[in-house]
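See structure below.
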Amino acid sequence: MPQHILVAVAWPYANGPRHIGHVAGFGVPADIFARYHRLAGNRVLMVSGTDEHGTPITIVAEREGLTPREVADRYNRVIADDLHNLGLSYDLFTRTTTLNHYQVTQDVFRTLFSKGYILRQETLGAFSATTGRTLPDRYIEGTCPICGYTEARGDQCDNCGSQLDPTDLINPRSKIDGSPPVFKTTEHFFLDLPAFADRLQQWIAKQEHWRPNVRSFSLNFIKDLKPRPITRDLDWGVPIPLPEYEHRDDKRIYVWFDAVIGYLSASIEWAHNRGTPDAWRDWWQNRYARHFYFMGKDNIVFHTIIWPAQLMGVSSDGYYAGSAAGAFAEVSLQLPYNVVSSEFLTMEGKKFSSSRGVVIYVKDFLSRYDADALRYYLTIAGPENQDTDFTWAEFVRRNNDELVATWGNLVNRTLTNVHRTFGAVPRPGALQEGDQRLLDEVEGGFAGIGAMIEDVRFKAALTEAMRLAAQVNTYLSEQEPWKVIKDDPERAATIWYVALRCVNSLKIMFTPFLPFSSQRLHEYLGFDGYIAGPLEFKEYTEDDGRSHRVLTGNYGCWIGRWEPPRLPVGQTLRQPEPLFKKLDEKIVEEELERMRAGLK
RNA sequence: GUCGGGGUAGCUCAGCGGUAGAGCAAACGGCUCAUAAUCGUUAGGUCGCGGGUUCGAAUCCCGCCUCCGACACCA
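Numbering-wise, my numbering puts 514 at position 516 of the first sequence, and it's gapless, one number per residue.
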């Protein structure tokens, strides 16, 4: 019985190109998980998009003389191209500036408001004297009243560590243009989180399968919940759907409140785009569906507290009707089943920092190296359980000594020999005990590796696949079919047949991690069709006349299955090429030099 | 400051109550079909520091040092 799996991937913020630390945190892990579940026969819906509202985008726009929408358009394009080139198999990668997203966000807001979960409160806020926009606390600098540090921020002083309010600062000034901020009273809307505290506490306490840090962090956070403001004084964002605010240009829904709603709105858009407008309910209003969220650790609270509170609030008297109440209308919206948070990647021992030049963008990386080489590194050495460091030396080493040497070489020596000697899958003689033992061990990987992936232990899963590849290398070294063939061609054919069967199975096991090379191997082995691909861009026009490009794909045509694939005797092999490129050690110094040149 | 998570072989990391593990790097040997790739053997660690619980602690508890993150108007 296929399961419904929602793979909900954190929404990259569209204020610039994304670096490899970002995709290490949410992109690659989510894609491994989604590809595996599709191969295993489950119904996967993987959704995300660019997060395009909020203050930082308006600041970039001002600096570059563009409108916020132009900034969002530009970086949506760059980011979607990156994700496509990395092979991230989204069912829908859309944007938060679609008409659909605005409507769903406003639906959620209205529903919560009508149930009393959204409160109004007067607050004192800081505004830019020049633009009239809100100045978030962190965009205000001044002298710390406690220690006298002159570059304290409105939220805290980095020198003495004190928590501050912007009004505490002496000589406050805007970090953006240096002008002194204006403080005035303004009305804001607050999500009444304390109203959900008990339900959240009980729900999270039951989630014993979450990674311990996510669960304990969230439980701790609940102890002191306060109503959280969900509107901002901005002209860029989803309008507040209340009569007195609908036509005002100075107040919008807070970017985080709408970004998490994106998981739901994108699912609804996906269903609409493919002409089955109620299909999203199979994931959202099906109590057997399981939702997996993938993100960096800085996003935990939004996915374990705030979004679940929004979902509980919307669902609490029975349903989210959406644009049309349907068959599942009496069922609540599904809460997260697991919230998978990655730690952080650092770059040559330092924090990634675009402004300081400590960075390698996905786009630049992929212009010089293969996507699978990056996917390999980010999985085997990425921040799955703790912060890890990316270094170019380690990237080259992992690529050359592990990916190329173990798996690439196994494929190459096997295919080269078989293609040259037989030209096709050879007919084996009787299998010996050692042959069968190897086949059993390798094919056992489907169960073992599959269980690890389901358990979101990707590093262990890939390590196991590599171990199995090394086992096949050992087998070949012991059997020496290139010698045996002189005296016993049938035995040599059997050995190569066994190796080929192992390679063909490993091809599937490596597919979630290394989809591009697995597809090429699939073709060298003489097969046609896609194991798992391809991705495509499509353009959709909404009722307001605006169109947007989405990343999607028809993954129903995948022919791969998470099980030992058949390998027909006599199938003609194609001319093989090495799967991976060995990298010259020189690139380490070249890349470090490139980074030094960009340092600010 | 408060809260959370790290500190394990030269390097990158796994293990998280029962005689210290992997990969790479190192040394030696085998093989030479394969992108000089592979295969085997060896060597290498008082598991951050100090104390405690336990028959037994890298693993649990307390204190300290140190790194990273969150702390609610950055996203």
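All C-beta atoms, glycine included, are put in the ideal place defined by N, C-alpha and C.
Check: Once the 5 residues before and after F342 are set aside, which same chain residues still bring their CB inside 6 Å of it?; Outcome: P381 and D385
Check: Can you tell me which of the three DSSP states I251 falls into?; Outcome: strand
Check: Report the partner residues of A422 according to the DSSP bridge assignment.; Outcome: T570
Check: With a 10 Å radius around its C-beta and 16 neighbouring C-beta atoms as the bar for buried, classify I168 as buried or exposed.; Outcome: exposed
Check: Please report the straight-line C-alpha distance between H2 and V42, rounded to a whole angstrom.; Outcome: 6 Å
Check: Can you list, in chain order, the residues of its chain whose CB lies under 8 Å from that of F535, leaving out five sequence neighbours each side?; Outcome: A78, H82, R547, V548, L549 and T550
Check: At the level of alpha carbons, what is the spacing between N98 and V454?; Outcome: 32 Å
Check: Pick out whichever of L309, D296, R131 and T472 has its Cα sitting closest to the Cα of D105.; Outcome: L309
Check: Would DSSP call S46 helix, strand or coil?; Outcome: strand
Check: For a quick check, are the C-beta atoms of I251 and I238 less than 8 Å apart?; Outcome: yes
Check: Output yes or no for whether 8 Å exceeds the beta carbon distance between T132 and D231.; Outcome: yes
Check: Assign A325 to one of two classes, buried (16 or more other C-beta atoms within 10 Å of its C-beta) or exposed (fewer than that).; Outcome: Residue confidence for A325 is low, a pLDDT of 36 falling below 50, so the modelled location carries little weight; the figure read from the coordinates is stated next. Exposed, because fewer than 16 other Cβ atoms sit within 10 Å of the Cβ of A325.
Check: Can you tell which of I228, Q469 and D135 has its C-alpha closest to the C-alpha of L504?; Outcome: Q469
Check: Buried or exposed: which applies to S475, given that a residue is buried once 16 or more other Cβ atoms fall within 10 Å of its Cβ?; Outcome: exposed
Check: Straight-line CA distance for A327 to Q283?; Outcome: Because the pLDDT of A327 is 45, which lies under 50, any placement of that residue in the model is unreliable, and the number read from its coordinates should be weighed accordingly. Near 8 Å, if we compare the C-alpha coordinates of Q283 and A327.
Check: Identify which residue in I447, Y553 and E575 has its Cα closest to the Cα of R411.; Outcome: E575
Check: Given this structure, state the Cα-to-Cα distance separating Y317 from G311, to the nearest angstrom.; Outcome: Unreliable placement is indicated for Y317, whose pLDDT of 46 sits below 50; no coordinate value is reported for it.
Check: Which same chain residues, not among the five before or five after E346, have their C-beta less than 8 Å away from its C-beta?; Outcome: V356, D387, F388, T389, W390, L590 and M593
Check: Please work out which residues of its chain come closer than 6 Å, Cβ to Cβ, to Q332, disregarding the five sequence neighbours upstream and downstream, and give them in chain order.; Outcome: W282, A287 and H289
Check: Going by the beta-carbon positions, is the gap between L376 and A6 smaller than 8 Å?; Outcome: no
Check: So, helix, strand or coil for P170, using DSSP?; Outcome: strand
Check: Do you know how far the Cα of N383 is from the Cα of Q205?; Outcome: 18 Å
Check: Please determine, among D362, F107, E120 and G152, the residue with the shortest C-alpha to C-alpha distance to T184.; Outcome: E120
Check: Can you tell me where the beta strand (DSSP E) with I138 in it begins and where it stops?; Outcome: I138 to T141
Check: Quick test of the definition: if touching needs 3 or more C-beta pairs under 8 Å, does the segment 557 to 564 touch the segment 434 to 450?; Outcome: yes
Check: In the DSSP output, what is Y291 paired with across the bridge?; Outcome: A6 and V337
Check: Between the alpha carbons of A599 and V482, how many angstroms are there, rounded?; Outcome: Missing from the structure shown is residue 599; the chain here goes from -1 to 598 and no further.
Check: Determine the DSSP secondary structure at M593, reduced to helix, strand or coil.; Outcome: helix
Check: Could you check where the alpha helix (DSSP H) with Q1 kicks off and where it finishes?; Outcome: Run containing Q1: none; DSSP gives neither H nor E here.
Check: Using the Cα positions of G320 and E242, report the straight-line distance between them to the nearest angstrom.; Outcome: Reliability fails at G320, whose pLDDT of 48 lies under 50, so the model's placement of it is uncertain and the value that follows must be treated cautiously. About 23 Å.
Check: Are there 16 or more other CB atoms within 10 angstroms of the CB of E588, so buried, or fewer, so exposed?; Outcome: exposed
Check: According to DSSP, is H17 part of a helix, a strand, or is it coil?; Outcome: strand
Check: Give the DSSP-derived three-state secondary structure of S321 in the structure shown.; Outcome: Here the model assigns S321 a pLDDT of 43, short of 50, so the residue's position is not dependable and the matter cannot be decided.
Check: So, with DSSP's three-state summary, where would you put E328?; Outcome: In this predicted model, E328 has a pLDDT of only 48, less than 50, meaning its place in the structure is not dependable enough to derive any value.
Check: Which of helix, strand or coil does DSSP assign to F578?; Outcome: coil
Check: Is DSSP giving L474 helix, strand or coil here?; Outcome: helix
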